[in-house]
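Its first residue numbered 0, the sequence shown is counted upward by one per residue in numbering that gives the first Met the number 0.
Where a beta carbon is used, it is the ideal one built from N, C-alpha and C, also for glycine.
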Amino acid sequence: MTPIYLGLTLFFVAHLSSVLPPMRQQIVGRIGVNAWRGVHSLLSLAGLVLVGMNWAQAPATAVFAPSPLAWMLAPWTNTLALILFVAGGFNFPGYLRARLHHPMVIGVLIWSLTHLFANGGLRETVLFGCFAAYSAFALIVAVVFRKRATVTPALGADLKAAAIGLIAAGAVMHGHVWLFGVPALMPH
Numbered sequence: 000m001t002p003i004y005l006g007l008t009l010f011f012v013a014h015l016s017s018v019l020p021p022m023r024q025q026i027v028g029r030i031g032v033n034a035w036r037g038v039h040s041l042l043s044l045a046g047l048v049l050v051g052m053n054w055a056q057a058p059a060t061a062v063f064a065p066s067p068l069a070w071m072l073a074p075w076t077n078t079l080a081l082i083l084f085v086a087g088g089f090n091f092p093g094y095l096r097a098r099l100h101h102p103m104v105i106g107v108l109i110w111s112l113t114h115l116f117a118n119g120g121l122r123e124t125v126l127f128g129c130f131a132a133y134s135a136f137a138l139i140v141a142v143v144f145r146k147r148a149t150v151t152p153a154l155g156a157d158l159k160a161a162a163i164g165l166i167a168a169g170a171v172m173h174g175h176v177w178l179f180g181v182p183a184l185m186p187h
């Protein structure tokens, strides 16, 4: 699993530098904002590629029994997670962003916790546990540094986020086996 660990390290080191304002300011001050964005993007992409390319070779060691409740709730929680991800990731100035301030991070937290409990293997626990821990840390940092969204909310932005999130959720659920090798819905 070493390549997966390396991939996760690259991905989360890049993301930690963006979450911690003092670290980000220091890096941007040294190399410039465009160079920082490029390095951040390359490290993130390299990390995801390493995880993806080495996933099938990682041992599927069981750590705990998957939760049937998590499997049952997964279609609903992951749809909500994708809507929140879209609302924050695409910077839609809706009520979701105005009220939650960090809907993308909350969406990733919901997605990762659902997947963490719905699985039970070592590689899944490492992957989704890392995303859950990072998301929780990012939310705590946002509160500590008082990072809040300042938007004038528009219902149309939330409707766009919901539409895109619903379409993405449908596509991911129907293509989950093809994309990730496992069904998105609980096997009967």
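Cβ neighbours of residue i in the same chain (closer than 8 Å, five flanking residues each side left out)
i	result
LEU9	LEU42, SER43, ALA45, GLY46 and LEU49
HIS100	ALA141, LYS146, ARG147 and ALA148
ALA117	PRO65, SER66, ALA69, TRP70 and ALA73
ILE30	VAL38
Identity of the residue in the options nearest residue i by Cα
i	options	result
MET172	PRO74, ALA69, ARG23 and GLY51	PRO74
VAL107	PRO58, VAL85 and PRO65	VAL85
ALA153	LEU165, ASN90 and VAL12	ASN90
LEU138	ARG29, ILE82 and VAL18	VAL18
ILE82	GLY164, ALA170 and ILE105	GLY164
ALA135	TYR4, THR1 and PHE11	PHE11
ASN53	MET0, THR124, ALA161 and ALA170	MET0
VAL150	GLY87, ARG23, GLY128 and ALA55	GLY87
MET103	ASN33, PRO21, VAL125 and ALA161	ALA161
SER40	PHE127, HIS14 and MET22	HIS14
Residues that DSSP places opposite residue i in a beta bridge
i	result
GLY120	ALA61
Terminal residues of the alpha helix (DSSP H) in which residue i lies
i	result
HIS14	1-18
PHE179	154-179
HIS39	32-53
VAL150	Careful: VAL150 lies outside any alpha helix (DSSP H) and carries neither H nor E.
ASN77	67-88
LEU184	Careful: LEU184 lies outside any alpha helix (DSSP H) and carries neither H nor E.
ARG98	94-99
Close-in-space but distant-in-sequence residues of the same chain around residue i (CB under 7 Å, 5 per side omitted)
i	result
ALA131	LEU108, SER111, LEU112 and LEU115
ILE26	SER16 and TRP35
THR60	GLY120 and LEU121
CYS129	LEU7 and PHE11
Residues near residue i in its chain [Cβ-Cβ closer than 6 Å; skip 5 each side]
i	result
GLY6	GLY46, LEU49 and VAL50
ALA167	LEU81
ASP157	GLY93, TYR94 and LEU95
ALA57	MET0, ILE3 and ARG122
Segment contact, 8 Å Cβ cut-off, at least three pairs: the region 94-113 with the region 173-181: The region 94-113 vs the region 173-181: no contact.
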